[in-house]
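Numbering (this note's numbering), first residue to last: 1042 to 1230. Working notes for the structure below.
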Amino acid sequence: MATNPAEILGLPKPAWAADEVGMLYDMASRFMAEEIAPRYDEFEKNEMFDRESWLKAGAAGLLCASMPEKYGGSGGSFAHESAIIEAIGHVGVDGFGIGLHNSIVAPYILHYGSEEQKQKWLPKLATGELIGAIAMTEPGAGSDLQGVKTRAEKDGNHYKISGSKTFITNGQLANLIIVVTKTDPEKGA
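Structure representation (structure tokens):
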């Protein structure tokens, strides 16, 4: 019996579904169908997924699949992340912010963080112990990076941030948030 929208509609599996990426897709689909879909109405009512689901996703290898193994990831590629996102869509459990966590937050840290930050945060993002978010959207500017008004001013070894953000995906549960700011408004985005 069909259990997800793709099966119900008789949609074929994507062409890439025959290799290891396809195996990940199948595993992610099973995970979403068995662990997330039965509680989806509860998550929708609460307007967020619970931490337990994130920890289970991490234990299943669905978080940070493209991160290097030395930081707790699976050492895959963006194709692996895409397979996970595709599985979420095919099972119909949209709103589980794994895509943002895996494909935006973790790569920012991987590519722009210090070695100390990578070692401190990436393994915890991979297990679900930390949930990542990005604060970009602003009242009146939306997600237009040219229009960002939030400022970050150097204060010793830290930055003071002033401004407002809205619509922060994963914001209710996040304990690691990348905040989009400007340090010099004259330089643009």
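Quick reminder that beta carbons are idealized off the backbone N, C-alpha and C, glycines included. As the structure is a prediction and not an experimental result, all values here were calculated from the model.
Do you know how far the Cα of residue j is from the Cα of residue i?
i	j	result
A1215	D1060	33 Å
M1073	K1161	28 Å
A1005	Q1187	Because residue 1005 is not part of the residues shown, which for the chain are 1042 to 1230, the question remains open.
I1202	V1221	10 Å
I1145	R1071	24 Å
S1115	D1185	33 Å
A1100	F1084	20 Å
K1228	A1182	17 Å
A1193	I1172	23 Å
L1096	T1168	6 Å
V1134	A1078	6 Å
H1199	S1118	33 Å
L1050	D1082	21 Å
A1174	T1191	17 Å
Roughly how far, in whole angstroms, is the beta-carbon of residue i from the beta-carbon of residue j, given that I think they are within contact range, below 8 Å?
i	j	result
S1205	E1170	The Cβ separation is near 29 Å, so there is no contact.
I1232	I1139	This structure gives no information on residue 1232, because the portion of the chain shown stretches from 1042 to 1230.
A1176	I1125	Not quite, the Cβ-Cβ distance comes to about 23 Å (not below 8 Å), so this is no contact.
E1122	N1143	5 Å
A1106	L1065	7 Å
E1076	S1094	7 Å
In the DSSP assignment, find the alpha helix (DSSP H) that holds residue i and state where it starts and stops.
i	result
Y1112	No alpha helix (DSSP H) contains Y1112, which DSSP labels as neither H nor E.
S1123	1119 to 1132
H1152	1147 to 1153
On a CA-only basis, which of the options is nearest residue i? Give me that one, please.
i	options	result
T1224	A1174, K1195, F1208, I1218	K1195
P1164	G1102, A1078, D1135	G1102
V1132	E1227, D1185, R1080	R1080
G1063	E1127, G1116, T1191, Y1200	E1127
K1086	H1199, S1107, G1136	G1136
G1113	S1155, A1147, A1120	A1147
I1219	Q1158, P1226, G1197	Q1158
H1152	T1207, M1108, V1189, L1104	M1108
Go to residue i, then tell me how far its beta strand (DSSP E) extends in each direction, as first and last residue.
i	result
L1163	Segment 1156 to 1168 is the alpha helix (DSSP H) holding L1163; no beta strand (DSSP E) there.
A1101	Where A1101 is concerned, there is no enclosing beta strand (DSSP E), given that its DSSP letter is neither H nor E.
V1221	Unbroken run through V1221: none, as it is neither H nor E.
R1040	Any answer about residue 1040 is impossible in this case: the structure gives the chain only from 1042 up to 1230.
Would you check if there are 3 or more beta carbon pairs closer than 8 Å linking the region 1208 to 1225 to the region 1081 to 1100?
Segments in contact, yes.
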